[in-house]
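**Student:**
Residue numbers (our numbering): 50 to 156.
1. Residue 108 and residue 89 - do their beta-carbons sit closer together than 7 Å?
2. How many Å lie between residue 147 and residue 79 at the Cα?
3. Looking only at its chain, what residues have a beta carbon closer than 8 Å to the beta carbon of residue 117, apart from the 5 residues adjacent to it on each side?
4. I'd like to know whether the C-beta atoms of residue 113 and residue 152 end up nearer to each other than 7 Å.
5. Consult DSSP for residue 167 and reduce its assignment to one of helix, strand or coil.
6. How is residue 61 classed by DSSP in three states: helix, strand or coil?
7. If you follow the beta strand (DSSP E) that residue 106 is in, where does it begin and where does it stop?
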């Protein structure tokens, strides 16, 4: 049986082989209370299908939206969500911590 990381990488490969654009989002840093630890990953294809988790709730939706832009542009992004950031409340990160998520296109 595959572990979760293998599932994510396998999905990325399968989607690429099927002709989809694919992005990988990875938690690269956390501070304080965070729903997922550094190293947690989410893979997203160009139709918005995803597997894995970088946070949960509305943060994940925001990451998927940004990932679709990364797939189109090819330019990676470093996203930050935290309670000091007004947008954190808009996307539901109210746990008191901060997370940084790196999003890159998979070629």
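Glycine included, every Cβ here is placed at the ideal spot set by N, Cα and C.
As the structure is a prediction and not an experimental result, all values here were calculated from the model.
**Tutor:** In short, the structure shows the following:
1. no
2. 6 Å
3. 72, 93, 95 and 97
4. no
5. Outside the modelled stretch of the chain, which goes from 50 to 156, sits residue 167, for which no answer is possible.
6. helix
7. Secondary structure note for residue 106: it is in no beta strand (DSSP E), and the uninterrupted alpha helix (DSSP H) holding it is 106-122.
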